[in-house]
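Asker:
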Amino acid sequence: MKKLNLLEGRIVPLLIKLTLPIIGTSFLEMAYALIDMLWIGKLGASSIAAVGVAGMFSWLSQGLAMIATQGGQVKTGHSLGAGNQDATTDYASTAIQLGIIFALLFSFCTVVFSSFFIGLFGLSSQATINQAINYLRITCGLIIFNFLNIIMTGILNASGDSQTPFQCNSVGLLLNIVLDPFFIFVCDLGVVGAKTCHSISSSFCIPIIYET
Numbered sequence: 027m028k029k030l031n032l033l034e035g036r037i038v039p040l041l042i043k044l045t046l047p048i049i050g051t052s053f054l055e056m057a058y059a060l061i062d063m064l065w066i067g068k069l070g071a072s073s074i075a076a077v078g079v080a081g082m083f084s085w086l087s088q089g090l091a092m093i094a095t096q097g098g099q100v101k102t103g104h105s106l107g108a109g110n111q112d113a114t115t116d117y118a119s120t121a122i123q124l125g126i127i128f129a130l131l132f133s134f135c136t137v138v139f140s141s142f143f144i145g146l147f148g149l150s151s152q153a154t155i156n157q158a159i160n161y162l163r164i165t166c167g168l169i170i171f172n173f174l175n176i177i178m179t180g181i182l183n184a185s186g187d188s189q190t191p192f193q194c195n196s197v198g199l200l201l202n203i204v205l206d207p208f209f210i211f212v213c214d215l216g217v218v219g220a221k222t223c224h225s226i227s228s229s230f231c232i233p234i235i236y237e238t
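Shown next, in the form of structure tokens:
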């Protein structure tokens, strides 16, 4: 994929070409959640409540991911603009390593103390509580794939290539649409199947983005 050089040419057209795929990628990330809820809604109100409660911790984790992403993205962009390839590689590698550390720490805390965290919401139905705990363990236990996807996407955007993340996430969304009903209903995994499918779809993008 050809990368945009923001140091050459008219800045406004270049920024438009760079930002449109970024906006599209953001919409795709929202579409992942909408597709999941579409199928989970067929399981009943209890499942929706479980996903709503456990999903809060997934959103919470985004703050940690953005620490590594924003720092790595900005410094990678600065280094590329200065023509310093070695520093670019160092900043990108450090951002990924920091993201992995944050993901592992967050996963450990949420998986080990999943019952405590879900208990904070005071749910009355034991079935909903059990679903929420299982969903939380899958969501945060596999959060590393989401972290890597976010960080690598940010680094590619900083390098002027916003098309690759958009295309990869588009394929991942299609994969999610196909696999969601299979994992939820055919495999009878319920809410756990929905999140497992989401994680598989997200991880599908990582090798392609990494190679790029």
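Take the sequence shown: its position 13, counted from the start at 1, is 39 in our numbering, and no numbers get skipped. For glycine and all other residues, C-beta sits at the position ideal for the given N, C-alpha and C.
Give a yes or no on whether the C-beta atoms belonging to L149 and V79 are separated by under 8 Å.
Answerer: Contact: yes.
Asker: For the alpha helix (DSSP H) that contains I155, what are its first and last residues?
Answerer: Its alpha helix (DSSP H) spans residues Q152 to G167.
Asker: According to DSSP, is N31 part of a helix, a strand, or is it coil?
Answerer: Here N31 sits in coil by DSSP.
Asker: Work out the CA separation of F139 and L201 for me, nearest whole Å.
Answerer: About 31 Å.
Asker: With C-beta atoms as the reference, is Y161 less than 8 Å away from K68?
Answerer: No.
Asker: Does the Cβ of W85 have 16 or more other Cβ atoms within 10 Å, making it buried, or fewer, making it exposed?
Answerer: Flag for W85 reads exposed.
Asker: To the nearest angstrom, how far is the alpha carbon of L32 from that of P47?
Answerer: The alpha-carbon atoms of L32 and P47 are separated by roughly 15 Å.
Asker: Does the separation of the CB atoms of S151 and S72 fall below 8 Å?
Answerer: Taking 8 Å as the Cβ cut-off, S151 and S72 qualify as a contacting pair.
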